[in-house]
Structure formats: structure tokens, C-alpha cells
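A short worksheet on the structure shown next.
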């Protein structure tokens, strides 16, 4: 077991002939993923590292049975690429593309809901379950199979933390990078239950950031629903207050969204909160011991 | 048990102060329905036959716990009335209003799906379960509690047929009039499973019309899924071929949509098809006997 | 359902940036000559009768002209003639283009899926019913999304066009989708869509807009050229009026009941001549109006079949008896009236005492209606 | 995030039919006089500095004028001055209206619900943060539906307006929703929205459009008045550049890692002065560019913290060593470089041999960076 992906995941890479698409196709295959198809309109018939390229997702799915998509298509075309994937029957899309306008993401998110599809991202590193499959761009080198679940809003900070977990001799069950854009397809409250239900996960590491209220909502959820031990870290305790949305943004949050608010909420829900990322592996080990898992 | 409505149904009448809204509020109450609220923007505070009128559905639901809406609002405003109901938490809407543009209905239908709501109609007579509740406009006089389920695309023809069932000493479990507009919220294939699952229904009467392919789709469904006996009637065997959608409409149907096509499909699915409406009660009685229900 | 004439459809296309041949609609032969002389319509040109019926090409309603004089002559030959029952009041003059290929595109509604449907075929210029299934691409369009770029690319692959032609198609489909939505259309069809050079041109335009959406489109309210005067009166009253080829008039409320009534009448050998469907209503004033309207169609007999929901049958019966008195002596006809619902016994009694045949069952009522029509050849 | 000046926001409002005071943007005192003299801007009028910062009223950046001479004087008094760090380059002259009441309306994004959010309050003219929760109506708007009529009616009830004012509000909100979508806005805010007679007028306009959507809005590409030259260069390279008040330069890739780096630095007493976030990339050429950009900010020391995903660490290290050589002798600074990922051992070796402090752990690296900054006051 793992979360969202497993050995049956058949990966489609949308935008496979671009630089990122090609590089990460190779990396996903090296990780052990079944990358079965790629698409780039107009480049059907080519191959990338042995993976057949199609003009449309419909053909790719019909020919190869792809059931998850990793989207590298540039921002102006990402919305269309996602719609194409969903209409072709894809129910899991990892959107790596950054700089997608949030108005486009609103359409994508609500269309995904309508069609019963799941978006991870955008602007995210994706999902990896060591020994099973990777859909996304998290470096292969940070992983080792194990029983720590990781869910994060960050990119490289996730690599850092996952790598730290490996360095102390532990491993990961599944790691999901949700992305930190204003509108994300999957937030902590969506993803935490998957880890709760995953029999291969003993402890959950949750990596948040200042801004938004996703961590506060996660704390609310954890308070009521979660039994597994959780270690959290919130990046940006020292950062100057963000002003991204101006006054109207501030009023939505009304005092939420700061590091203090998030830490307080998580601690109130019984979560062990690390002050610095390098404290996480130690806390994970400690919780595993407390819960008799090690 | 009954289908969609029961003794817990708390009816909201949207457009209650209009002629139709008022008349049918009285009728629904006489049938035994709990009509708990009405809305007409700007007329909050009035009452209609003792039913309190509110300015908004949100207030009506909050105050009265209404959980089903009967919409009489004129066509230009019907889409908005429906959206208001769904956003206020209503999950069953009977849209009596006729002449709603199908482009508006497309929005309503897909928004209903997105929000998990159910539309009966538009341009429909609604639902009635004798002894329990009525949401709609089917005349009270045609009903008597019993075990015949009726589902129909017609209005007055349904009254005629339901009345005929009563005349031979039988009664109805639930009767649903789906409406015959180009885009309906609920079609035969949606409604038939409800009757199949309803323990109070022994036999199903299905009343179709020429045009569209809803009956053919129903036959397909019945062929594979239904165990209860079904009597069908298709109105319009003698009518001149409809040309509503011109060439493009004809090609969608490609020979389907005629009375012959529908009758053939239904008979192929093991359905007993009446040639004329007055044959229905006899066929129903006969099937009940064959199935040992009477 | 409001079917727009080709030139009206093309006006909408033009406003929305769908490429068309240069042309003008004219209403007199002199105008045709002037349009050709001034170069408004380049020569050679096509001269097309503006009627709603199909088959204009074979029927002589499309002609060609190489000079202003020929244009005038062609217009004169067509204007004022009857084509399949319609009088030609307008003629469209358009430049004749060098056509490399003819395609088909349309947007309509897929009722079962409750989705708009884009249909595209490389076999244009023939009626789409005659095109093989597998030669037509059907793309359901989600109304919350519209026509996505990937769908437009797929349409281009279907037509086998690439490069600037594919771009032209994608832009055209986008505009066509806009027209379909904005105009509350039931159908927008371009057949043929012509490949001219590497561009695309809509040679024909079929636009059918929804009657029910006229509250958003007052501009369509007066486009009713294809109705008889009686049909027009009926429409204004909100009554469906359909002329058939028999002699019995049928009045009923609701489409299903009307059709069932016709079915039963035919079973007993009756030939319906006109039917009026009041819709779901049993409003007595509307029943009365329908009766008087029916009288103007001079039926051999009338079969009225009303199921009352709201109104009591005696009220409807009294209105009907009053209406009968308004029909002039010499124009009266036998009436079989079946009125069911609340207080039906009283209703039947009132009608019978006024000399109307009033029975309870549909079967016996239909028999009586057929018999009374036969009684007056 | 592109914050538009009031006058630009109002230009968008005007194009979309949102009612505004009559007014003109001017760039010289003489223009101000001319606008008042010609009646383009009726008197008395308001003279407002076009700066992005709030609090203009209290800060003397809004003045009043009763004559063309006063308008000129007011413009002269404001133009060219500094307001909270911004130079006033434009002034907006507007008629002064008889205001009966001030309301608040805005559209923004509710991140948690993933829905646009309409906020409406009868308490306008003050900052919305200072309005009590219960005095604000929040309406989530579904993007597939838009602002429904019932929601607009609810907004009117919230403001306590009826009749023509309610109609005016409903129409205004419809247009505001259109602007929000069409302009790819993060925020459209009217505060105050003034009741004048029974109509409504937008006295202010705050429009913030999305950086990410500039591919649809080339018109916003050159509205960058509020950036320092270094910030502008960084933006063109796609690098987030933020100036703080300390002396240590921080370069990292990814927002989370950058923030974590700052957190750790501060723990050990370091004061970050500038930070550059490369985004998720570890592209060596971008790392090098960032390093050279950082050099121009003249930091006391630089802490570079890169987690490599795609590129090997030795490649990044070599690029960095080359870049160091491009910094002029007198402007060099201590560098602590932490590069992790593939081939990190080789990377560390390359850096160390070039005299760079290169450690594996974040904690010890941060300590070293703080120490090296302290070595140069």
C-alpha cells in the first residue's frame, strides 16, 4: 500500500518533449515508475527515452492504458492540458507547471471535482512512493522505502526534509508535495486522511509555510480525526509579514496565516512542532519509539 | 417507503405569491404535504394559506428546515431561483416552470450534479406519494395509496393514466412526472432504479413519448437491471414525424426516437407495452397477478 | 424554435467574425444589378433564394451570374416565386469562390448527455444524415468549460487540415461556440464550410434559436415568416397549433395527452385535421379561446379532451357552452367533449344538456368523434 | 502581483461601465489648471496623488480645490513629492460629489474554499480590517456560475438599499465580477463606494492583477513603477528578490527552503539583508546569475543554500567558482555555500578548494554564515 500511486500507476507525461518533461521522464523511470506515454501536440510518433509520444491524451490513454498524468506543459496551456487529461479519463494529475493563473486553477479545480479527478499542485514536486512509483520531480536520491509519510506545501524544503529522514536511517512510505500556490488542487485536509488510512505509514511529517490558512484547517482536522503521530514544521517564522493579497486578503485570514497562529493550532491538536527543519528526523524517531513502532 | 419524498419532506415553494404558486400550495397542503415556507423576493413577511413567505431561500431554510423546493418562478428567473435553492442546501428541486431555455437548464443540470442535488423537471408535474407528500401539481383527485409506481415524461396524460389505475381499484406508491423538455434533470434511467429499490412498489408504469432517445436508454437499462414488472406506453404512434432539431437533431438520433423504435426496444427488454393509455390498468392488474402480487 | 434565414444567420456570423463570402441581401432585381455593378458583390456571383426549406440547389432556387444583367435576371427569376410553400422575399447575392474542399461543422444539443455537441466532418456539402457515422467527429462540450483548445485541435485533425488552416478552424469554432451560447441557439450549422486557399469560409449558415429564450432576444420576436395566420394567433395565445391532413379538430391539454388522443382517434379510423395543444393548463378562458380558434379552422367535428388539474370541470364546461354560442349558426360543428378531473359528473351534465356529446372514457369518446365527423362529409 | 494605480483601475472601471466621478489624470500643474478651467473636471474638485500606498488622506496626498488656480496649486504641491517612498508622478483630479453614504465592496480569492469571494459592507471609507466581522457580508462565487442574481439581491439587502439604488448595485456588482475575471485580478476593491442621490459612484479603485496572467495581459507588462532597479533585474530573471534590513545575503531555491534558511540564520543571530529565491530550480546558470546579482547588493556575507534535484552538485559548484572570479577584487565577500543533492561530496570539495566555506548541515552552515558576516561590520 501507499498513497495515490502504486505499482499499477501508469504514468503519462504531458509536455514530454520539453526540457523538464524529458529530464523527469528519465528520472521517473529510474525511480521505477511505469512511464507509458507522453504527449506533445504535433510530435506524435516520436519517442523520449523509449516512451512513445502522442498528439493527444485520448490516443495515449487508448494505446497505453495511462492512468495518471504528470503535467509539464507551459502555464498558458496548462489548463487545456489538464482538461484534455480529465476528459480522456485520467483521474490523477500532478501539475508541475508553475505560474498558472489562479483563475485558470479555479476552473481546473472545480472541473476536477465535477469529474471526480484529483489534482496535485500546481507548481508542486509531486508524489513519490519509494519502491513503487514517482509522479513528479522530487529527486530520487532523497528516498529510501520506509514508514514515514510526508506531506508538504514546499518544494526543495521537502527534499531537504525527506533527505534528512533518510540520513537518520529511516525511510518514507509516500511523500506528497502539494505546492504553495494560492489555489491548490489538494491541501493538507485532503491529503492527511490518505496517510491516516495507509497501513504502510506509521508517522506523518507535515511541512507548512506561513500564509493562507491550510495549516490551521489541517490542525482542526487532526484534532478530531487523526490517530497517527504527526510532526510538523512551519517555514517562515522569521519572515516579514506577507502582503500578497493586500487588505482584502488580510481580512479573510483575520490574524490567521502567521507562523504563530499555525504553530499554536497544530500544538493544540497534539502535533509535535519542530522549530527548525533539522529537528524533524529526531522528532520522528522519538514518536515512533513512543508509539512502539521502533 | 416511497421514492424521493416521504413524511419528512419539508416543502419550500419558490414563487409562492404567484397564481400557480398559491393555488398549488393549497393543493399540496390538502394532499398532506408539509409546506413549510415560500419565497418571493420583496414579499418576505407575508403568508400564503398560512405558509410564511421569505425574501430568500437561505432565510426560509434556516427558519423552517425546508429540504425540498417546488419552483414556480417565471422562466427568465428560474435558473437563478434554482441556484439560490441549491446554494442554500436544498437537494431536491421540482421545477414546474415551463419555457426555461435549454441553455439555462444545462447550467442548472450540471450545477446540480456538481453540488449533489436532484432536479425533477423542468416543465413537469412533479412527484406525489399518496399518503405521504406531493411536491408539484399533479391533481390530488387521481391518487389512492397503493403499490403501482408511475414514471412519466408527460403531464396531463400522466393524470389520465394515474386516474385510470385508481379507477380499477389499484393505487400508487409514488408517481413522478419528469417533464418532456429537451434537457431534463431526471430521465427514465435515473428514476427507474429508485422504483426498483422501493419496497412499496410492485409494478412500474412508464409513460413515454416520441422524440429523443430516453425510452431507448431506459429499455437498455431495464434489459440489464430491472426485476420488477414494467408496463409502458408511448404516446405519439400516429403523430407526424417531429422535426424539432432539424437535420443535426435527426442525426443524433439516427433512426431512434420514433414510436416504433421505442416500442421495439422496450419489448425487447421484456416490457409489456400498451397500445393505448386505457389498456394500462388492465395490463398492470394482469402483471400483478402473474407475479403473485394480487 | 425560430429558424433564421441564411442571410440572417450570416449577419450573426459576420458580427462574430466568422469568415463569409462577400455578399448582400437584396429584395428587388434592380438592387441585384446595382450590387453587382458597384462591386459590392464581385462577379461571378451566386444568387440564392432566402427560404427555409432545404434542397434549394436542385430546386432551381440557386443560380449563378457572370454580369450585372445576369444577376438582375436571376433575382427576377427567383423573387416572388414559391419554393416548397414559401414565397421568396429576399435573395442573397454572394461572390463565387474557388472552393478546394467542403467540410461540415455544427453545434447542437445532445439531449441524452445533456451537453452541447460539436459535429465535424470532412464530408461537407451533403446532408449530414447521408454521411457515414464514422466520418463524423462528435465532441460533447461541457457548458462550464466551453470548447477547449484540445478539442479544436482534434477537429482540425478530423478535417485533415494543418498550419494556418488549422488555426483558422480553431478560431472559427471558438466563434461558433460563442454564437451558439450567446444567441441561445438550438443549432448552428455551417454546411458547407469551404476551404478557399488556406482559409475557411462559411458558404451557408443555418441558425435555429430557441423560442423559449426570446425574453433575452427581442430581436427574434418578429421573425415569424413561416406561420399561417391561424398559427400566428395560436402562438400569441401560447397554444401549439398544428395543421394535419384530416378533418377532425382535436383540442387537448399537454403534449402527451394530445398525442394519445390522436393515437386513439386514428385507431378508430379518424383523420385529425388540426390539433391544438393548450399545454399543461386547464385555464377555462384558454379552453374557450382554443375552441373559438378551432372554429376558424372549419373542422368537420371537434374532439376536446381536457384533463382538469386545477379548475373544476363544471367551470370549464360552462365556459365551453358559452363559447359555442359565439360560433355563427352556419359554421357550427359537432362537438365531443371529454373533461375529466374535479367535479367531472357536473361538467358532463352541463355539456350534455347543451347538446354536446360528453362521455367519460377515452375509447368511447374517440369513437363518437369519428362517427360525428363522418356524419358531415 | 501588479498593483494598479487608482487612475489605471478607474480606466478599467470606466471601460466596463462602473460609474465614476468625472475626472482626469494629469502630470503637470498646468494640466490641472486647464482641466479645471475647461470644465473637464467640475469644481469643486479633489486632487489625489497617484501612489500605491494607503493613508493618502491623512498623509496630505489628497487635497481640495475650488478654482482652477487652487487646482494648479494643489497639483504643484503634490507632484514630484515623495509619499511613503514613492515619487508622485501623476495626480488625479475629480469632481467632489455630495456623498450621502459610503459603502465597501470587493472581489478577491478565498483560498480555502477555492472560490472567488465577494465582500460587501455598509461601513465603507475605512480600512476593511477595521470593520467588525458581522458588518461584512461574504459571498463565495462559483466560477462556473458567476455572481447570481440572488446574491446581488442579498448584497443590496446588506447595504440597506432598495429600488433604483439596489438596481444600480446589482448592475455594478455584475460589472465588477466581469472585471475581476477578465482582468485576471487578485483583488478589485471599491472603497468607498459612494451613495450619491440614489446612484452609486466608485470614489476609489483598487485593482491588483496577477503576475502569472500577464501572458493574457501584455498591457500590464510595463507597469512596474514600484520596483528598485535590482528588483527589476531579478524579476526579469524570474528570481524573487526581497530587501530586508540586515547584512547577510541569502540565496536559496524554493520559497520554503528560503524561509527555513532565514529562520535558522535568525536563530543564530544573523540578520538577513537581501534574499533571492530562485524558485524550485537548480539550473547552474541561474545560480550563477543570482550570485552576481547578489554581489551588486553589497552584502557583508552570503549564505547560499541550494538543494539540487536535477543538476549534479559538482556542476553547480563549478559555476559558482567561476562566478566568484567575476566579482571585482574590492567587492568580494565571504561565501558560505551549502549545496545538497547528487554528487554533493564532489561539490563540497570543489567549493572548499576555491576557499568557500562549504558544510553539509544547515545548522553549522548558518552558524558559519553569521560568523563570517560578523567578521565584516
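Chains as they are written, first to last, in the working numbering: chain B, 33 to 326; chain L, 33 to 326; chain Z, 38 to 414; chain D, 38 to 414.
A virtual CB, placed ideally from N, CA and C, is assigned to each residue, including glycine.
Grab the span of the beta strand (DSSP E) containing residue i for me, first residue to last.
i	result
residue 280/D	277-280
residue 139/Z	138-147
residue 131/Z	128-132
residue 314/L	Segment 312-322 is the alpha helix (DSSP H) holding residue 314/L; no beta strand (DSSP E) there.
residue 344/Z	338-344
residue 243/D	243-246
Would you report the Cα separation of residue i and residue j, rounded to the nearest angstrom?
i	j	result
residue 304/B	residue 217/L	50 Å
residue 180/L	residue 278/Z	35 Å
residue 114/D	residue 138/D	29 Å
residue 154/L	residue 112/L	14 Å
residue 173/D	residue 159/D	8 Å
residue 148/D	residue 311/B	30 Å
residue 414/D	residue 285/D	With a pLDDT of only 34 at residue 414/D, under the threshold of 50, the placement of this residue in the model should not be trusted; the figure read from the coordinates follows. So the alpha carbons of these two residues sit roughly 11 Å apart.
residue 162/L	residue 61/L	12 Å
residue 369/Z	residue 294/Z	25 Å
residue 298/Z	residue 308/L	9 Å
residue 281/Z	residue 116/L	44 Å
residue 300/Z	residue 356/Z	27 Å
residue 224/L	residue 186/L	16 Å
residue 281/B	residue 141/L	For residue 281/B, the pLDDT reaches just 46, beneath the cut-off of 50, and the residue's location in the model is therefore unreliable, leaving the point undetermined.
Could you please give me the residues that DSSP links to residue i through a beta bridge?
i	result
residue 394/D	373/D
residue 314/D	277/D and 289/D
residue 141/L	None; residue 141/L has no bridge partner.
residue 71/B	46/B and 86/B
residue 177/Z	154/Z
Report buried or exposed for residue i, applying the criterion of at least 16 other Cβ atoms within 10 angstroms of its Cβ.
i	result
residue 134/B	buried
residue 137/B	buried
residue 73/B	buried
residue 293/B	buried
residue 392/D	exposed
residue 51/L	exposed
residue 321/B	exposed
residue 248/B	buried
residue 249/Z	buried
residue 313/L	buried
residue 40/Z	buried
First and last residue of the alpha helix (DSSP H) that includes residue i?
i	result
residue 63/L	51-63
residue 23/B	Outside the shown range of chain B (33 to 326) lies residue 23/B, about which nothing can therefore be said.
residue 52/Z	43-52
residue 350/Z	350-363
residue 35/B	Per DSSP, residue 35/B belongs to no alpha helix (DSSP H) and is neither H nor E.
residue 303/B	Element bounds for residue 303/B: n/a, residue is neither H nor E.
residue 126/L	Premise fails: residue 126/L lies in the beta strand (DSSP E), 124-127, not in any alpha helix (DSSP H).
residue 404/Z	399-411
residue 321/D	321-333
So that I know if they touch, is there some Cβ in chain C lying closer than 9 Å to that of residue i?
i	result
residue 143/B	Protein chains B, L, Z and D are contained in the structure displayed, whereas chain C is not.
Say yes only if the C-beta of residue i is nearer than 8 Å to one or more non-hydrogen atoms of the ligand PLP, and no if none qualify.
i	result
residue 69/B	In the structure shown, the ligand PLP is absent, as is every other ligand, since no ligand is present at all.
**OP:** Tell me the start and end of each unbroken beta strand (DSSP E) in the region 161-246 of chain L that is at least 3 residues and wholly inside, in chain order.
**Re:** Within the region 161-246 of chain L, the runs of beta strand (DSSP E) that reach at least 3 residues and sit entirely inside it are, in chain order, 165-168, 177-184, 204-209 and 235-241.
**OP:** Could you name each continuous beta strand (DSSP E) segment of 3 residues or more that falls completely within the region 58-136 of chain D, going from the start of the chain to the end?
**Re:** Secondary structure remark: continuous beta strand (DSSP E) runs of at least 3 residues inside the region 58-136 of chain D, in chain order: 60-63, 82-86, 99-102 and 128-132.
Original post:
Going along the chain, which unbroken runs of the beta strand (DSSP E) with 3 or more residues stay wholly within the region 199-236 of chain Z?
Top reply: Runs found: 222-233.
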